[in-house]
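Worksheet for the structure shown next.
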Amino acid sequence: MYDIKWIRENPEAFDKGLERRGLPAQSAAILALDEQRRAILIKLQDAQSLRNTASKDIGKAKAAKDEATAAKLMADVAAAKDIIAKGEEQERQIDADIEKVLSVIPNTPRDDVPDGRDETGNTEVRKVGTPPKLGFAPKQHFEIGEKLGLLDFERAAKVSGSRFAFLKGGLARMERALATFMIDQHTARGYEEILPPYLVNRAAMMGTGQLPKFEDDAFKTAGAQELFLIPTAEVPVTNMAREQILAAEELPRRYVAHTPCFRSEAGAYGRDTRGMIRQHQFDKVELVILSKPADSYANLELLTSHAEAVLRALELPYRVMALCAGDVGFASAKTYDLEVWLPSQLKYREISSCSNCEAFQARRMQARWRNPDTGKPEPLHTLNGSGVAVGRALVAVLENYQNADGSVGVPSVLQPYMGGATRISPLA
RNA sequence: GGAGAGGUGGCAGAGUGGUCGAUCGCGCCGCACUCGAAAUGCGGAGUACGGGCAACCGUACCGGGGGUUCGAAUCCCUCCCUCUCCGCCA
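If you use our numbering, the first sequence corresponds to residues 13 to 440, in order.
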C-alpha cells in the first residue's frame, strides 16, 4: 500500500515504478481523487467546527438562562448537520474509492532491480555447487518415490483430489527431518521459532498483500466465520507486528516458522502436474525479519545467505537469481530467488524466494517502530524468505542423491535426524 | 453451548450528558539539585488526517459499526474480542 502523500510528492517516481512493472501510469487519476477528498474534508471539517463551537455556546447560554441565544444557536447547528451528514457520506465514498485503487497497486521495484517483463529478465547473481555426475539416466523424483513405494498420488487423489500426495515411511521421515534440521539451523542463528495459526482472517491477508487482488489463489473456509488457509507463514508471522509500535532496541526481530502452506494454484493448469513440485498443500520453513528501514537491505542479504546456508549444508547445487521488475512479487521491492538443481529436468527450479517489502506491508498493517531521531512512529520494513520450501527440498534430495539401484542417499546433515540412516530403501 | 463481568492513552486505572483528548499513579523525555547516580522538585509528552512558509489552528479517534441529542467516553441497538464459572472436548 502506498502512502498517498508520497505519491503526491513523487508522482513521477510512482509512475516510473508502475511502468517498470508493465503497468500504466496512475498518478494523475489518484491525485485527482486525492484533491477531491481534501475539498470534501475542508467543507466537512468547517461544518463540524461550527457545530462544536455552537454546541459549547449552547451549554453556556443555557447555564446563563439565556434561552433566546440558545435557540438561535440550535438553529445554526441544525443547518450545519445537513452539511455534515452529506460530507461524511462523501468522505466515506471517496476513501473507499481511493482504498480500492491503492490496494491493488504493487510495490515499486527498487532502483537496482533489473529491468524485464517476466522471468526471462531475471539475472543470475551467483551459482554454488556443481550438478552431480550420476553415471546413469536420472529419474524424476516422483518415479523414485513411487518405485520406493513411499510416495502415493493415486491414493491422495481419491482422498483429496489432484495436487496432493501421501508420503510414507522414510520419505515422510525425511520431510520431517528436513524441516527440523532447517529450524534448528535458523534458531542457532538467532531466529525465534514461531508456531503460528494456519487460518487467518481477511485483514491479515490484506496486510501482507495476498488480498484483495489474489483471492482466487487462496483456500477459504466455508463456515459462518470467514478464514483463509495460509498460503505461507509470512502471513501470520509478519502480521504479528500489526498495529504495533516497536522500540528501536527491539529491531531487528527475526522469526522462523515451519508450517503447511495451502494454495489453490488457480492459474497453474497444466504446469508441474506430476509430482510434488506444485501441490495444494506443502510444508515450508519461513524466515521473517522486521527491520529498521536503514538496515533492511543488509538484512535482505543476510536472510538470503541464511536460506542459502540450508542448501549448502544439504550439498545441493543452486543458483541465486535477482528477479527483474516484471517478476518481483506484488508486495516486494526486491527479491532474490534460490533455484536448486534438478538432474532429471537439467534445470534449476525455485526453492526459495527472499524479499524486502520495505514499508509496503507495514503500511497496510500499521506495523511501526519509533524512530529515535524523530521520536515519531514510522512504518518499519518487513522481509520474508523461504528457508527453504520443505517439499521442494525433498524433491531435490531425491533427485540429487538417487542411486542407480533406486535407493536414495541421506545427506549427512540429515542423518542425525533420521536415526542415523544413510539411505532410504523401500518399505519392507 | 449456558451464566456473569469487562474492553479508556506505553502500562495500570478514574471518569454516567456540556469547559474531557480525558484525573491520579507507574514508566518515559527534558531541566534543576549532585563530582556522578539515586532520591526529590519543576516541566513535557497520544495517533491519524486537513489547513498554514511557519508559529500554530482545525477535525476525527475512549474495542468496531449504527442510533438518540443542540452536544456522547458517558444513554440505546448491534457486532467483535477478553476474563471468570458451568458443560463438552484434544
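For each residue, glycine too, the CB sits at the ideal point set by N, CA and C. Because the structure is a prediction, the values reported are computed rather than measured.
Pairwise C-alpha distance: residue j and residue i
| i | j | result |
| --- | --- | --- |
| Asn134 | Gly279 | 21 Å |
| Pro23 | Glu351 | 36 Å |
| Pro144 | Leu241 | 38 Å |
| Ser356 | Gly338 | 29 Å |
| Arg331 | Glu411 | 17 Å |
| Gly71 | Gln60 | 17 Å |
| Ala321 | Tyr348 | 14 Å |
| Gln105 | Ala379 | 26 Å |
| Pro428 | Thr250 | 32 Å |
| Leu146 | Arg361 | 19 Å |
| Leu372 | Asp94 | The question names Leu, but residue 372 in the sequence shown is Phe. Roughly 38 Å between the two C-alpha positions. |
For residue i, three-class secondary structure by DSSP
| i | result |
| --- | --- |
| Gln414 | strand |
| Pro428 | helix |
| Asp164 | strand |
| Leu85 | helix |
| Pro272 | strand |
| Gly133 | helix |
| His393 | strand |
| Ile206 | strand |
| Arg382 | strand |
| Ser232 | The amino acid at residue 232 is misidentified as Ser; the sequence shows Lys. Strand, per DSSP. |
| Ile117 | coil |
| Leu45 | helix |
| Ile363 | strand |
| Gly157 | helix |
Among the options, nearest to residue i - alpha-carbon criterion
| i | options | result |
| --- | --- | --- |
| Ser364 | Ala310, Leu315, Ala87, Thr142 | Leu315 |
| Ala37 | Ala44, Thr120, Asp46, Phe26 | Phe26 |
| Lys359 | Ala319, Ala408, Ser367, Arg138 | Ala408 |
| Val420 | Leu160, Val116, Asn64 | Leu160 |
| Lys28 | Ala253, Gln197, Pro118, Glu131 | Pro118 |
| Leu30 | Lys388, Gly341, Gly397 | Gly341 |
| Ala184 | Val402, Glu390, Lys55, Ala87 | Val402 |
| Val137 | Glu362, Met430, Ala334, Asp229 | Ala334 |
| Arg376 | Leu207, Arg265, Glu111 | Glu111 |
| His153 | Leu426, Ala405, Met430 | Ala405 |
| Pro384 | Ile289, Pro329, Glu262, Leu354 | Glu262 |
| Leu426 | Leu326, Asp228, Gly282, Arg20 | Leu326 |
Exposure of residue i, with buried meaning 16 or more beta-carbon neighbours within 10 Å
| i | result |
| --- | --- |
| Asn311 | buried |
| Leu299 | buried |
| Thr233 | exposed |
| Ala73 | buried |
| Ala253 | buried |
| Asp124 | exposed |
| Lys374 | Here residue 374 is Ala; the residue named in the question, Lys, does not match the sequence. Its Cβ being crowded by 16 or more others within 10 Å, Ala374 is buried. |
| Met86 | exposed |
Closer than 7 Å: residue i CB and nearest the ligand MN heavy atom
| i | result |
| --- | --- |
| Asn412 | You won't find the ligand MN in this model; it holds no ligand whatsoever. |
Same chain only: Cβ atoms within 7 Å of residue i, ignoring 5 sequence neighbours per side
| i | result |
| --- | --- |
| Phe148 | Ala416 |
| Glu131 | Asp339 |
| Gly99 | Ile52, Lys55, Leu56, Ala59 |
Nonlocal neighbours in the same chain, by C-beta distance under 8 Å from residue i, ignoring five residues either side
| i | result |
| --- | --- |
| Asp107 | Arg49 |
| Thr199 | Glu205, Val268 |
Own chain partners of residue i with C-beta closer than 6 Å, once the 5 adjacent residues on each side are dropped
| i | result |
| --- | --- |
| Asn368 | Ser308, Leu312, Ala345, Lys346, Leu395 |
| His270 | Ala191, Ile195, Val297 |
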